[in-house]
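J.: Provided herewith is a single structure, encoded as structure tokens, for subsequent inquiry.
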Amino acid sequence: MLRTYLFPSFISTLILLISNCSYAEERTDEQQPATTQVTGFGTLGIAYSTSSQVDIVRDLSQSSGVGASGRTSLALDSNFGLQLDHRINDNTDVAAQLLARKADKDFVPELTWLYAAYMPNDRLKLRLGRVGFDVYMLADSRQVAYSYTWVRPPVDFFGSLIVSYFDGADAVLSFQDAQQGNYQVKLYAGFAQGKSYTGHADYDFSLDGSKILGAHLAYQRGAWSARLGYSQLLVRNEYASLVPLLSAFHTAPLNTLIPDAAQLSAELGMQNKRIRYLSAGLVYDAGPLQVQAMLSQTSTNSLNFPDSYAAFLSTSYRMGKWTPYATLSASRPVSTQIPLQPPANAPATVIQLFSDINNGIHSQRNGQSTLSLGLRLDLSDSSNLKLQIDHIRSKERLLVRKEAPDWNGRATLLSASYNFVF
């Protein structure tokens, strides 16, 4: 259920913004008639992995991928979405979007958008309902493959996002400076929904009810676009698989063997911990040349979700209907040190327990590099075909599944996709 009663200060801020937008152009009294439009998008994709020792996934919502589960996959990138837009009048419209894709369950439709939008003037837009989580540039449209150059957004950068949409509200305020540069300020707050798999196919946890708060500042002038953003997610739920362990740390036997067991339990848990996203993006888009660069830092106050950096640089050059492109992306943990050491003179059982905990934490580290080369062919104004090869080097295990103990951390992915909108 949408809990709008938790946004009084947010809504008050929006009202204040409305009242202060005196510089906005006045809308005409003549209202346009109500209209309804149905649109859609989709991808038919196929991916082949050179390694059968590991599953490569698109993002953390997928419990399996391509490789160990099967060298060829039609499900990794394929999806289908339908969107309904209804304009009530010049100031108000509503939208809904259904998306079917492979996540924790195969191609079960999700309601990813369901919101009402109100535009009191040409500078301000308010939305209330279920909206996309655009914590990074392109994050809100990363399932619409027709709209970008790659087969899939760089996994090392976008793949670790555990939220796709949330129930809440957002506000976008736009204005220009004297040099005709366009500014955009966005504020948003709400509650996440969905499930995430982080580091292991069996270790999932529910995001339902986790609080989201964030903002970003974007600037565009000529061929240049830039954006700075900050978001935080207050996790409501605990890892179900961690509950027995965390409870055991509060028992008398473990408190005797491990003096700081209760504190360790608090540091390992995810419930009521904050995940913070800090990001920056820069895009140059002039004529046939496009260059994109993005950088992010993800941090939290839980040992079970280690801090990490991620970045990518992508270049494409359009030649008629053909667009070759190259992308280098990487993610790295902030620290590679073993986080926990057993107490001095601890018995073998406690040493093994600490070893198991450290292995679990290690599986949550984000450390991977990918070199991607590809080609996009525009078939029409509403469809394109893409071919891509990804050379993947994984040093940590957050973004892979079902890895064999002797896997060398390397895989090559060959992908093709047909993408369309209507």
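Final position of the sequence shown in this note's numbering is 424; the numbers increase by one with none missing.
Even for Gly, the Cβ is constructed at its ideal location relative to N, Cα and C.
1. Would you please state the rounded distance, in angstroms, between the beta carbons of F424 and T41? I believe it to be under 8 Å.
2. Quick check on the burial criterion: 16 or more other C-beta atoms within 10 angstroms. Buried or exposed for D392?
3. Report the rounded CA-to-CA distance for T372 versus N303, giving the unit in angstroms.
4. So which of S365, A312, N306 and V157 has the shortest CA-CA distance to V237?
5. Leaving aside the five residues before and after K323 along the sequence, list all residues of the same chain whose C-beta is less than 7 Å from its C-beta, in chain order.
6. Can you tell me whether G44 is buried or exposed? The criterion is at least 16 other CB atoms within 10 Å of its CB, across all chains shown.
7. What does the Cβ neighbour count give for M321, buried or exposed, with the cut at 16 atoms within 10 Å?
8. On a CA-only basis, which of F168, S385, T74 and S149 is nearest P114? Give me that one, please.
9. For the 8 Å Cβ check, are there 3 or more pairs between the segment 266-284 and the segment 232-251?
10. What does DSSP give as the partner residues of P326 in its beta bridges?
11. D431 to R129, Cα distance in whole Å?
12. Taking DSSP as the reference, what is the three-state secondary structure of H252?
13. Determine, using beta carbons only, whether G376 and W152 come nearer to each other than 8 Å.
14. Quick check on DSSP: helix, strand or coil for N81?
15. Skipping 5 residues on each side, what residues in its chain have a beta carbon closer than 7 Å to that of A413?
16. From the DSSP output, in three-state form, read off V245 for me.
17. Is any heavy atom in the ligand GDP found nearer than 7 Å to the beta carbon of D79?
18. What are the uninterrupted segments assigned as alpha helix (DSSP H) that are 4 or more residues long and contained completely in the segment 157-201, given in chain order?
19. Report yes if the CB atom of V1 is closer than 8 Å to the CB atom of K127, and no otherwise.
20. Any idea what DSSP makes of N386, helix, strand or coil?
21. Which word fits S162, buried or exposed, when buried means at least 16 other C-beta atoms lie within 10 angstroms of its C-beta?
22. Using only the alpha-carbon positions, how far apart do E405 and Y311 sit?
23. Pick out whichever of Y120, P155 and L355 has its Cα sitting closest to the Cα of P345.
24. Taking 8 Å as the cut-off, does the segment 280-294 touch the segment 225-232 (at least 3 CB pairs, one atom from each stretch)?
25. Leaving aside the five residues before and after S1 along the sequence, list all residues of the same chain whose C-beta is less than 8 Å from its C-beta, in chain order.
26. Considering Cα atoms alone, identify which of Q366, S318 and D158 is closest to Y150.
27. Could you spell out where the beta strand (DSSP E) holding N421 opens and where it closes?
28. State the Cα-Cα distance for the pair A98 and Q85, rounded to the nearest angstrom.
29. Given this structure, state the Cα-to-Cα distance separating V352 from L189, to the nearest angstrom.
30. Pick out whichever of H364, L280, L416 and N410 has its Cα sitting closest to the Cα of K388.
31. Within this structure, are the beta carbons of L342 and N368 separated by less than 8 Å?
T.: Answer, in terms of the structure:
1. F424 to T41, Cβ: 7 Å. Contact.
2. Around the C-beta of D392, 16 or more other C-beta atoms lie within 10 Å, and the residue is accordingly described as buried.
3. So the two alpha carbons sit approximately 28 Å from each other.
4. Closest by C-alpha distance to V237, out of S365, A312, N306 and V157, is N306.
5. For K323, where only same-chain residues beyond five positions count, the Cβ hits under 7 Å are L379 and D380.
6. With 16 or more other Cβ atoms within 10 Å, it is buried.
7. Looking at its Cβ environment, which holds fewer than 16 other Cβ atoms inside 10 Å, M321 is exposed.
8. According to the sequence shown, residue 114 is Thr rather than Pro. The alpha carbon of T114 has as its nearest neighbour, out of F168, S385, T74 and S149, the alpha carbon of F168.
9. Yes, the segment 266-284 is in contact with the segment 232-251.
10. DSSP lists L377 as partners of P326.
11. This structure cannot speak to residue 431, because the chain is shown only from 3 to 424.
12. Three-state DSSP puts H252 in coil, outside helix and strand.
13. For G376 and W152, yes; Cβs fall inside 8 Å.
14. Note: N81 maps to strand in three-state DSSP.
15. The residues are S51, T52, S53, V56, I58, G69 and I394.
16. If DSSP states are grouped into helix, strand and coil, V245 belongs with the helices.
17. Absence of the ligand GDP is noted for the structure shown, with no ligands found whatsoever.
18. Segments of the alpha helix (DSSP H) lying fully in the segment 157-201: 157-160.
19. The structure shown does not extend to residue 1, since the chain spans only 3 to 424, so no value can be given for it.
20. When DSSP states are grouped into helix, strand and coil, N386 belongs to the strand group.
21. With 16 or more other Cβ atoms from the protein chains shown falling within 10 Å of its own Cβ, S162 counts as buried.
22. Rounded to the nearest angstrom, the two C-alpha atoms are 23 Å apart.
23. Of the candidates Y120, P155 and L355, the one whose C-alpha sits nearest the C-alpha of P345 is L355.
24. Put simply, the segment 225-232 touches the segment 280-294. At least three CB pairs are less than 8 Å apart.
25. Outside the modelled stretch of the chain, which goes from 3 to 424, sits residue 1, for which no answer is possible.
26. The shortest C-alpha separation from Y150 is found at S318.
27. Boundaries of the beta strand (DSSP E) harbouring N421: R412 to V423, taken from the DSSP string.
28. A98 and Q85: Cα-Cα distance of roughly 6 Å.
29. Answer to the nearest angstrom: the Cα atoms are 47 Å apart.
30. If you compare the alpha carbons of H364, L280, L416 and N410 with that of K388, the shortest gap goes to L416.
31. Their beta carbons are not under 8 Å apart, which means L342 does not touch N368 by this criterion.
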